[in-house]
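Q: The numbers in numbering that gives the first Met the number 0 rise by one with no breaks, and the one at position 383 of the sequence shown is 382.
Idealized CB from N, CA, C, for every residue including glycine.
In this text, all values refer to a predicted model and were calculated from it rather than measured experimentally.
Let me begin by handing over the structure; questions about it come next.
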Amino acid sequence: MRFTFFAKDKPFNNALILFVFTLFFCFIGGHLRQPAELSLFWPINALLTAIFVRFSWLHRPRYYLVCYSAMVVNDALFSGWTLPAFTLNGANLLFILVAVAMLIQRPGLINASSRVKSALSIFPACLLASVACASWGALAQGLLVNERFLLAWSDWLSEQFSTGVLLLPFLLTLPRRPSLLSTLRRWQHCLPIGALMVSIAAAAVIGGGGSLSFPVPALIWCAISYPLWLTSGLTLLTGIGEIILVVHGVMNIQGDDSLLPLGHLASARLGVATVAISPLIVAVSMESIRQLNHQLALRANHDFLTRQLSRSGLYERLHQLEKTNALRSRAIGVLLIDIDYFKAINDNYGHDAGDAVLFDVAQRMQQVVGSAGLVCRFGGEEFLVLLFDLNDRQLLEKAETIRQSIMQQRVMLRGSAVAVTVSIGVASGSLENGNVSESFNRLVSAADKQLFISKRNGRNQTTPPIDENPVADALA
């Protein structure tokens with residue numbers, strides 16, 4: 000059962016959840032305020048942006064008003080602000096509106112292909128939203144355009160930009176059911192994380208203006224090794240860790256502030272946001288390569304027309320099973336299936352009709368076989384069904400079920416209901432470890448001989464394995 004907080008048909012519940020959610024994270028952010036600084040982290044803007052992008056049907060004025068109301072209530076109750084709460088929280092709302100407007104135009108952001116294409120658009124969205132938020136926020140504090148204005152503006156900008164750049168890539172690329180344990184199944188996969196921890200420790204010990212970039216090589220290693228969402232999560236944790244180390248004086252990034260007076264916290268935020276770009280670019284590139292390889296493998300191993308395994312795909316699957324010892328001491332059954340008079344179908348109804356018959360027959364085979372075996376388009380109008388752990392009698396019953404299922408359901412071709420039949424040859428045996436392809440080919444050859452008998456005897460019938468007493472099949 001899948002649980003989700005929001006539902007399209009429950010606007011009151013959605014509004015209540017958004018209000019409580021916003022109030023809670025505003026409360027958390029308010030208690031992370033630094034002396035003479037803004038909050039150490041202000042996550043609510045990025046969190047709400049991710050919610051409105053991933054649940055695009057929440058992109059309605061009433062829901063934004065609910066979130067704004069929660070921000071004002073939080074400041075009135077816990078910060079002691081009254082009128083300033085209305086103006087200052089306008090900056091938070093402006094960040095959300097600008098960022099969502101730039102990202103929500105990509106409604107497929109959370110699926111695999113569009114997620115890769117859109118990930119880098121998060122940076123310009125965060126930058127523009129942060130500039131708008133910082134300008135409103137500094138002006139709302141009643142500051143004129145002077146040195147104090149620049150300091151306040153840089154604090155707002157660095158806070159919003161760093162938080163958005165760290166949080167949004169992770170929130171918008173996070174799969175609905177992440178599988179961290181399977182990603183780290185082998186201990187070697189933990190080495191990039193170990194290198195990342197060492198680099199952060201080295202940055203804290205050595206210090207200096209360049210120390211914020213020490214984790215970049217390790218993060219790039221993570222980007223090469225891990226999925227996009229996991230790399231984004233590690234970048235998020237690294238950025239948070241570095242900011243905390245700077246705030247507590249563990250990491251010294253002292254620099255020359257004669258040109259532009261920036262606080263250490265603002266400088267650290269901007270540095271962390273800049274560092275986050277490199278690993279995400281690499282992660283996006285690696286994700287694109289993985290998807291391309293996956294698509295190429297699908298095209299090579301699956302028949303485009305019938306959506307079943309191709310001949311090469313079947314052999315690849317057998318080799319995968321061999322590597323995991325899944326074929327050891329298992330009975331293997333091969334059904335070689337040929338559509339009767341297929342050339343006549345092409346000649347009388349056209350090749351489009353022939354393609355429709357191939358697809359329909361393949362689907363019926365798959366319905367009968369299910370997860371108990373593999374269905375493969377072996378070539379032309381010939382299919383192969385591979386079954387496991389069945390004796391000869393059960394193989395023959397399964398073959399007959401397939402034959403009768405195809406025979407009993409007519410196919411509509413150019414307005415006519417046409418009966419399609421198949422001939423089947425059955426072979427059984429086992430596959431030898433270390434020599435799977437050769438032993439499988441022997442089974443295919445044996446099934447082909449039985450298929451020839453089915454055709455010679457009038458088609459639309461099943462011929463059992465050669466070492467079994469012949470069983471007379473009733474013809475339709």
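Residues in its own chain within less than 8 Å of VAL368 by CB, not counting five upstream and five downstream?
A: Excluding positions up to five away in sequence, the list reads VAL374, VAL384, LEU386, LYS397, ILE401.
Q: If you follow the beta strand (DSSP E) that CYS375 is part of, which residue opens it and which one closes it?
A: Unbroken beta strand (DSSP E) run through CYS375: 372-378.
Q: Which complete alpha helix (DSSP H) runs does the region 221-285 hold, if anything under 4 residues is left out?
A: Complete alpha helix (DSSP H) runs here, min 4: 227-246.
Q: Just to confirm the assignment, what range does the alpha helix (DSSP H) spanning GLY28 have?
A: First-last of the alpha helix (DSSP H) with GLY28: 10-29.
Q: In three-state DSSP terms, what is ILE338?
A: Three-state result, ILE338: strand.
Q: Which value, in whole angstroms, describes the spacing of the CA atoms of SER309 and ASN300?
A: Spanning the two alpha carbons is a distance of roughly 5 Å.
Q: With a cut-off of 8 Å, do at least 3 Cβ pairs link the region 342-354 to the region 406-416?
A: Result yes; three or more Cβ-Cβ pairs closer than 8 Å.
Q: How about GLU399 and THR461: do their beta carbons lie closer than 8 Å?
A: In this structure, THR461 lies closer than 8 Å to GLU399 by Cβ.
Q: Which term fits ALA282, buried or exposed, when burial requires 16 or more other beta carbons within 10 angstroms of its beta carbon?
A: Buried.
Q: Ordered along the chain, which non-local residues of its own chain (more than five positions away) have a Cβ less than 8 Å from that of ALA49?
A: Only LEU166, LEU167, LEU170, LEU171 meet the Cβ criterion.
Q: Rank ALA352, ASP447, ALA330 by C-alpha distance to the C-alpha of ARG392 and give the top, closest one.
A: Residue ALA330 is the option with its Cα nearest to ARG392.
Q: CA-CA distance, THR86 and TRP155?
A: Straight-line Cα distance between these residues: approximately 14 Å.
Q: Could you check if PHE11 is buried or exposed, using at least 16 other CB atoms within 10 Å of its CB as the buried criterion?
A: Per the 10 Å Cβ criterion, exposed.
Q: In chain order, which alpha helix (DSSP H) runs of at least 4 residues are fully inside the region 69-106?
A: With a minimum length of 4 residues, the continuous alpha helix (DSSP H) runs that stay inside the region 69-106 are 82-102.
Q: Pull the bridge partners of ALA416 from the DSSP assignment, please.
A: In the DSSP output, where bridge partners are listed per residue, ALA416 has MET411.
Q: Between which residues of its own chain and LEU389 is the CB-CB distance below 7 Å, once the five residues before and five after are set aside?
A: Excluding positions up to five away in sequence, the list reads ALA330, GLY332, LYS397.
Q: Looking only at its own chain, which residues have a Cβ that is under 7 Å from the Cβ of PHE24, when we skip the five neighbours before and after it?
A: Here the set comprises PRO42, ILE43, LEU46.
Q: If you measure between the beta carbons of SER435 and HIS293, is that distance less than 8 Å?
A: A quick correction: the sequence has Val, not Ser, at residue 435. No.
Q: I believe ILE199 touches THR162 by the beta-carbon criterion, under 8 Å. Please report the beta-carbon distance rounded to the nearest angstrom.
A: The Cβ separation is near 19 Å, so there is no contact.
Q: Taking three-plus beta-carbon pairs below 8 Å as touching, is the region 262-279 in contact with the region 213-220?
A: In short, these stretches touch, since the Cβ pair count reaches three.
Q: From ALA128 to VAL97, what does the alpha carbon distance come to, in whole angstroms?
A: Going from the Cα of ALA128 to the Cα of VAL97 covers about 5 Å.
Q: Put SER287 into one of helix, strand or coil per three-state DSSP.
A: Three-state result, SER287: helix.
Q: Just to confirm, are ASN459 and ASP339 a CB contact at a threshold of 8 Å?
A: Against a cut-off of 8 Å, the Cβ pair of ASP339 and ASN459 comes out as a contact.
Q: Using only alpha-carbon positions, find the residue among VAL249, ILE288, LEU297 that is nearest to LEU227.
A: The option with the nearest alpha carbon to LEU227 is ILE288.
Q: Please say whether ILE103 and HIS58 have beta carbons closer to each other than 8 Å?
A: In contact: HIS58 and ILE103 (Cβ atoms closer than 8 Å).
Q: Determine whether the beta carbon atoms of VAL274 and SER212 lie at a separation below 8 Å.
A: Their beta carbons are under 8 Å apart, which means VAL274 touches SER212 by this criterion.
Q: Helix, strand or coil: how does DSSP classify HIS58 here?
A: Residue state, collapsed to three classes: coil.
Q: Are the CB atoms of VAL215 and LEU335 within a distance shorter than 8 Å?
A: Contact flag unset, no.
Q: So, helix, strand or coil for PHE40, using DSSP?
A: Reduced to three states, the DSSP call for PHE40 is coil.
Q: For ILE121, does the three-state DSSP call read helix, strand or coil?
A: Helix at ILE121.
Q: Would you say TRP135 and LEU93 are within 8 Å of each other, going by their C-beta atoms?
A: Yes.
Q: For the alpha helix (DSSP H) containing SER212, list its first residue and its last residue.
A: Segment: none, SER212 is in no alpha helix (DSSP H) and carries neither H nor E.
Q: Tell me the DSSP secondary structure of ILE465 in three-state form.
A: Coil at ILE465, not helix or strand.
Q: In three-state DSSP terms, what is PHE4?
A: DSSP places PHE4 in coil when its eight states are reduced to three.
Q: Reducing DSSP to helix, strand and coil, say where ASN110 ends up.
A: Low confidence applies to ASN110: its pLDDT is 48, below 50, so where it sits in the model is not reliable enough to give any reading.
Q: For GLU381, which three-state DSSP category applies?
A: Strand.
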